[in-house]
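Colleague: Protein sequence lines, in the order shown, are assigned to chains V and E. If you use the numbering used here, the first sequence corresponds to residues 9 to 253, in order. If you use the numbering used here, the second sequence corresponds to residues 9 to 253, in order.
Number of protein chains: 2
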Amino acid sequence: MSRPRATSDRLLTAATDLFARRGFHGTSIREIAERAGANVAAGHYHYGSKKGLYLQVLRHQFARVRATLDRDGPLAASRVLRTLPRRELVALLVRRIEAMVTILLAPPLQPHGALMLREMCDPTDAMPIIVREFIRPQSSEMAAIVACLVPGAGRTVVERSVRSIVGQVLFYRFTMPAVLLMLGRPTYSRHFTRQIATHIVEFSLGGLTRVGRPGTVTRRPRPYVGRTRERSRRAPARRRRARAR
Amino acid sequence: MSRPRATSDRLLTAATDLFARRGFHGTSIREIAERAGANVAAGHYHYGSKKGLYLQVLRHQFARVRATLDRDGPLAASRVLRTLPRRELVALLVRRIEAMVTILLAPPLQPHGALMLREMCDPTDAMPIIVREFIRPQSSEMAAIVACLVPGAGRTVVERSVRSIVGQVLFYRFTMPAVLLMLGRPTYSRHFTRQIATHIVEFSLGGLTRVGRPGTVTRRPRPYVGRTRERSRRAPARRRRARAR
DNA sequence: AGTCGATTAAAACACTCGTTTCATAGACGC
DNA sequence: GCGTCTATGAAACGAGTGTTTTAATCGACT
Numbered sequence: 009m010s011r012p013r014a015t016s017d018r019l020l021t022a023a024t025d026l027f028a029r030r031g032f033h034g035t036s037i038r039e040i041a042e043r044a045g046a047n048v049a050a051g052h053y054h055y056g057s058k059k060g061l062y063l064q065v066l067r068h069q070f071a072r073v074r075a076t077l078d079r080d081g082p083l084a085a086s087r088v089l090r091t092l093p094r095r096e097l098v099a100l101l102v103r104r105i106e107a108m109v110t111i112l113l114a115p116p117l118q119p120h121g122a123l124m125l126r127e128m129c130d131p132t133d134a135m136p137i138i139v140r141e142f143i144r145p146q147s148s149e150m151a152a153i154v155a156c157l158v159p160g161a162g163r164t165v166v167e168r169s170v171r172s173i174v175g176q177v178l179f180y181r182f183t184m185p186a187v188l189l190m191l192g193r194p195t196y197s198r199h200f201t202r203q204i205a206t207h208i209v210e211f212s213l214g215g216l217t218r219v220g221r222p223g224t225v226t227r228r229p230r231p232y233v234g235r236t237r238e239r240s241r242r243a244p245a246r247r248r249r250a251r252a253r
Numbered sequence: 009m010s011r012p013r014a015t016s017d018r019l020l021t022a023a024t025d026l027f028a029r030r031g032f033h034g035t036s037i038r039e040i041a042e043r044a045g046a047n048v049a050a051g052h053y054h055y056g057s058k059k060g061l062y063l064q065v066l067r068h069q070f071a072r073v074r075a076t077l078d079r080d081g082p083l084a085a086s087r088v089l090r091t092l093p094r095r096e097l098v099a100l101l102v103r104r105i106e107a108m109v110t111i112l113l114a115p116p117l118q119p120h121g122a123l124m125l126r127e128m129c130d131p132t133d134a135m136p137i138i139v140r141e142f143i144r145p146q147s148s149e150m151a152a153i154v155a156c157l158v159p160g161a162g163r164t165v166v167e168r169s170v171r172s173i174v175g176q177v178l179f180y181r182f183t184m185p186a187v188l189l190m191l192g193r194p195t196y197s198r199h200f201t202r203q204i205a206t207h208i209v210e211f212s213l214g215g216l217t218r219v220g221r222p223g224t225v226t227r228r229p230r231p232y233v234g235r236t237r238e239r240s241r242r243a244p245a246r247r248r249r250a251r252a253r
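1) Quick one: which unbroken alpha helix (DSSP H) runs of 4-plus residues sit fully inside the stretch 98-151 of chain V? Chain order, please.
2) What residues from chain V crowd round Thr183 of chain E, counting only those whose CB sits closer than 7 Å?
3) For Arg181 of chain E, tell me which candidate among E:Pro115, E:Gly162, E:Leu216 has the shortest Cα-Cα distance.
4) Quick check on Ser172 of chain E - is its C-beta less than 8 Å from some C-beta in chain V?
5) Specify whether the stretch 173-190 of chain E and the stretch 174-188 of chain V touch according to this definition: at least 3 beta carbon pairs, one from each stretch, less than 8 Å apart.
6) Any Cβ of chain V within less than 8 Å of the Cβ of Arg218 of chain E?
7) Report yes or no: is there a C-beta of chain V within less than 8 Å of the C-beta of His33 of chain E?
8) Output the distance between the C-alpha atoms of Gly60 of chain V and Pro222 of chain E, rounded to the nearest integer angstrom.
9) Between the stretch 145-156 of chain E and the stretch 94-106 of chain V, do at least 3 Cβ pairs fall closer than 8 Å?
10) Where are the alpha helix (DSSP H) runs, 4 residues long or more, that stay fully inside the stretch 57-88 of chain E, in chain order?
11) According to a CB-to-CB cut-off of less than 9 Å, which residues of the stretch 130-141 of chain V neighbour chain E?
12) Closest Cβ-Cβ distance between Met150 of chain E and chain V: below 8 Å?
13) CA-CA distance, Arg43 of chain V and Ala75 of chain V?
14) From the beta carbon of His207 of chain E, is the nearest beta carbon of chain V less than 8 Å away?
15) Could you check whether the Cβ of Phe200 of chain E sits closer than 8 Å to any Cβ belonging to chain V?
16) Shortest alpha-carbon distance to Gln118 of chain V belongs to which of V:Leu66, V:Ala134, V:Leu157?
17) With respect to the alpha helix (DSSP H) encompassing Arg90 of chain E, which residues constitute its N-terminal and C-terminal limits?
18) How is the alpha helix (DSSP H) around Gly220 of chain E delimited, first residue to last?
19) Less than 7 Å separating the Cβ of Arg198 of chain V from some heavy atom of the ligand SAM?
20) Counting pairs of beta carbons, one from the stretch 118-130 of chain V and one from the stretch 205-223 of chain V, are three or more of them closer than 8 Å?
21) Do Ile40 of chain V and Ala14 of chain V come within 8 Å of each other at the CB atom, strictly closer than that value?
22) Leaving aside the five residues before and after Arg104 of chain E along the sequence, list all residues of the same chain whose C-beta is less than 8 Å from its C-beta, in chain order.
23) Report the three-state DSSP secondary structure of Arg159 of chain E (helix, strand or coil).
24) Which of the three DSSP states, helix, strand or coil, is assigned to Ala28 of chain E?
25) What are the boundary residues of the alpha helix (DSSP H) that Pro185 of chain V is part of?
26) Give the straight-line distance between the Cα atoms of Asp17 of chain E and Asn47 of chain V, rounded to the nearest whole angstrom.
27) Among E:Arg202, E:His68, E:Arg126, which has the Cα closest to the Cα of Pro131 of chain V?
28) Please go through the same chain and pick out, in chain order, the residues whose beta-carbon is closer than 7 Å to the beta-carbon of Gln64 of chain E, but skip the five residues on each side of it.
29) Comparing alpha-carbon positions, which option in V:Gln203, V:Arg90, V:Phe200, V:Ala28 lies nearest Ala155 of chain V?
30) For Glu141 of chain V, which residues in the same chain have their Cβ closer than 6 Å to its Cβ, ignoring the five residues on either side in sequence?
31) Let's see if you can read the secondary structure: which residues bound the alpha helix (DSSP H) around Ala44 of chain E?
32) I'd like the span of the alpha helix (DSSP H) that includes Gly51 of chain E, first residue to last.
33) Could you name the residues of chain V that Leu189 of chain E contacts, counting a contact when the two beta carbons are closer than 8 Å?
34) Count the other C-beta atoms from every protein chain shown that fall within 10 angstroms of the C-beta of Leu123 of chain E, then say buried if there are 16 or more, exposed otherwise.
35) Give every residue of the same chain whose Cβ lies closer than 7 Å to the Cβ of Phe27 of chain V, excluding the five residues on either side of it in the sequence, and list them in chain order.
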């Protein structure tokens, strides 16, 4: 039959999808139970509370993500990295970026992106899990590569550069509705995500090259050069709400 | 005196803060009314419904943001831009990035960042407002500068580069809880945001330099290096729609 | 003064929510 | 058979929700 799985499993599956799509507040125990073909009391029986179920969903999702990352791109130790030629280091960075784009953007969209986004809106006890299982591993593995690619850079420069790279990727996930609206697409296609990955790789390699060089344009007293103009484009939007009916 | 303002204004102020901090679902009309020193019915009287109040909050916030942007960094027309020397173009880009960092990250944190983030989780009718008043203007003004800085780049390359720049900035806002947790800070300090802005400028200038050059490392048959994985993660998500009532 | 429209206030309505209670069913060992 | 433990189902609880209703209040203006 189609659903021989345990009730607790079906609850977890249903909850994962609903929490990702509608959020914690926007999802009801009854909705989860109905979709899982279970009783309203089942959630509390198996997970103690709605919050307990939510935490379990996040633990489970990010454990999976972590497992994927570990399998996909196990990083060579730092001291091994340092012996690699630049070409190999670049190849490693490319793989990391492509893996991240794939896991976050490529269809079919996985739930953890939405779950992570929601945690950024309303952090819960699950935030440390996300940092530990997803953000920290991604960052430190990328940092190891970046540190070798930019030998002169200190720890802060490396960390900021990693955030610049990760930020480019996450942008497409975290502003997805706006980007899709502007591009006139319904979803990100695989073709699109491949192009994105390639662009981010190029842009980032350029960025890394520059932050590795001493003495740049922004080392100056005041960055402001241009004149200010006072033109105001439109009157402040004044709007009145008429109540319906 | 402390409360000479109109009830509708006080409602809007209270609602802005609460919607930004707790979200639409997490905020109740009663809570808004209490903070505004008004009756529960006041919200419906002035704004028709909770959703009407929410929309008005977003309209108001992003009209303000737009006004700030227009005052701060009115962009020279494209044909004027094209006559500027590179040094001036860079200065303009620096100003845009610094303005964006300031408006999004520098303390005291403004509500629109949180409101925008929440819209990315649960898009509503306010999404077009955000795109029109904030994202689109920022993007197109930056695109005009980038297009001049990277003369050889086509429209798509320019747009992707703009997203790479904006993405770096938005990253710090949209993953703020995680970044603060990793950095062990309570908030972003002004000093920190200034450093961030400088880094993003440098990283981006390097990125732009590279994407403007033809022939790069990623121009190769297949960008994928790792093996493809075939493991199916879950049974096809069966979907059941229960009608309400 | 009196009328009228715009606001405000209090109460009730019709839900939905997470949670709990309690009865029942099945499995297992003895 | 019995007793025990795990799991499920149906129903109810109490609190909280957005909204509506109804009445009272205020400030002009004739």
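Every residue gets a Cβ at the ideal spot worked out from N, C-alpha and C, and that includes glycine. Please read all numbers here as calculations on a predicted model, not as lab measurements.
Modeller: So, to answer that:
1) 119-129, 135-138
2) As a first step, residue 183 of chain E must be located in the second sequence, where it is residue number 175. Ordered by position in chain V, the residues that pass the 7 Å Cβ test against Thr183 of chain E are Met128, Leu178.
3) Residue mapping note: residue 181 of chain E aligns to position 173 of the second sequence, counting from 1. For the residues E:Pro115, E:Gly162, E:Leu216, the minimum Cα distance to Arg181 of chain E belongs to E:Pro115.
4) Indexing the second sequence from 1 puts residue 172 of chain E at position 164. True, the Cβ-Cβ gap to chain V drops below 8 Å.
5) yes
6) Position 210 of the second sequence, counting from 1, holds the residue named residue 218 of chain E. Closer than 8 Å: yes.
7) Position 25 of the second sequence, counted from the start, is the residue given in the question as residue 33 of chain E. Yes, because at least one Cβ of chain V sits closer than 8 Å to the Cβ of His33 of chain E.
8) For the purposes of this step, residue 60 of chain V is identified with residue 52 of the first sequence, where counting begins at 1. For the purposes of this step, residue 222 of chain E is identified with residue 214 of the second sequence, where counting begins at 1. Distance between the alpha carbons of Gly60 of chain V and Pro222 of chain E is about 53 Å.
9) no
10) 58-80
11) Asp130, Pro131, Met135, Pro136, Ile138, Val139
12) Your numbering for residue 150 of chain E matches position 142 in the second sequence. It does not: the Cβ of Met150 of chain E has no partner Cβ on chain V nearer than 8 Å.
13) Mapped onto the first sequence, residue 43 of chain V falls at position 35. Mapped onto the first sequence, residue 75 of chain V falls at position 67. So the alpha carbons of these two residues sit roughly 27 Å apart.
14) Taking the first residue of the second sequence as 1, we reach residue 207 of chain E at position 199. Yes, His207 of chain E lies at the interface with chain V (some Cβ there is under 8 Å from its Cβ).
15) For the purposes of this step, residue 200 of chain E is identified with residue 192 of the second sequence, where counting begins at 1. Not closer than 8 Å to any Cβ of chain V, the Cβ of Phe200 of chain E fails to qualify, so no.
16) Indexing the first sequence from 1 puts residue 118 of chain V at position 110. When only C-alpha atoms are compared, the closest one is V:Leu66.
17) The residue labelled residue 90 of chain E in the question sits at position 82 within the second sequence. Careful: Arg90 of chain E lies outside any alpha helix (DSSP H) and carries neither H nor E.
18) The residue you call residue 220 of chain E lines up with position 212 of the second sequence. Segment: none, Gly220 of chain E is in no alpha helix (DSSP H) and carries neither H nor E.
19) In the structure shown, the ligand SAM is absent, as is every other ligand, since no ligand is present at all.
20) no
21) Here the question's residue 14 of chain V lines up with position 6 in the first sequence. Here the question's residue 40 of chain V lines up with position 32 in the first sequence. Going by C-beta atoms, Ala14 of chain V is not nearer than 8 Å to Ile40 of chain V.
22) Within the second sequence, numbered from 1, the residue matching residue 104 of chain E stands at position 96. Around Arg104 of chain E: Gly81, Gln146, Glu149, Met150, Ile153.
23) The residue labelled residue 159 of chain E in the question sits at position 151 within the second sequence. Correcting the residue identity first, residue 159 of chain E is Pro in this sequence and not Arg. Note: Pro159 of chain E maps to coil in three-state DSSP.
24) Residue mapping note: residue 28 of chain E aligns to position 20 of the second sequence, counting from 1. Of the three classes helix, strand and coil, the one that applies to Ala28 of chain E here is helix, per DSSP.
25) Here residue 185 of chain V is taken as the residue at index 177 of the first sequence, counted from 1. From DSSP, the alpha helix (DSSP H) with Pro185 of chain V extends over 184-191.
26) Taking the second sequence and counting its residues from 1, one reaches residue 17 of chain E at position 9. Taking the first sequence and counting its residues from 1, one reaches residue 47 of chain V at position 39. So the two alpha carbons sit approximately 45 Å from each other.
27) Here the question's residue 131 of chain V lines up with position 123 in the first sequence. The option with the nearest alpha carbon to Pro131 of chain V is E:Arg126.
28) Walking along the second sequence from the start, residue 64 of chain E turns up at place 56. Cβ neighbours of Gln64 of chain E beyond the five flanking positions: Leu20, Tyr55.
29) Position 147 of the first sequence, counted from the first residue, corresponds to residue 155 of chain V. Checked all of V:Gln203, V:Arg90, V:Phe200, V:Ala28; the closest Cα to Ala155 of chain V is V:Arg90.
30) To locate residue 141 of chain V, count along the first sequence from 1; it is residue 133. Contacts found: Phe70, Arg74.
31) Here residue 44 of chain E corresponds to residue number 36 of the second sequence, with the count starting at 1. 37-44 is the span of the alpha helix (DSSP H), which, as asked, contains Ala44 of chain E.
32) Here residue 51 of chain E refers to the residue found at position 43 when the second sequence is read from its first residue. It spans 48-55 - the alpha helix (DSSP H) in which Gly51 of chain E sits, taken as one unbroken run.
33) As a position in the second sequence, residue 189 of chain E is number 181, starting the count at 1. Those are Met135, Pro136, Val139, listed as they occur along chain V.
34) Along the second sequence, one-based indexing puts residue 123 of chain E at 115. Its Cβ being crowded by 16 or more others within 10 Å, Leu123 of chain E is buried.
35) Residue 27 of chain V sits at position 19 when you count from the first residue of the first sequence. Excluding residues within five positions, the ones whose Cβ falls inside 7 Å are Thr35, Tyr62, Val65, Leu123.
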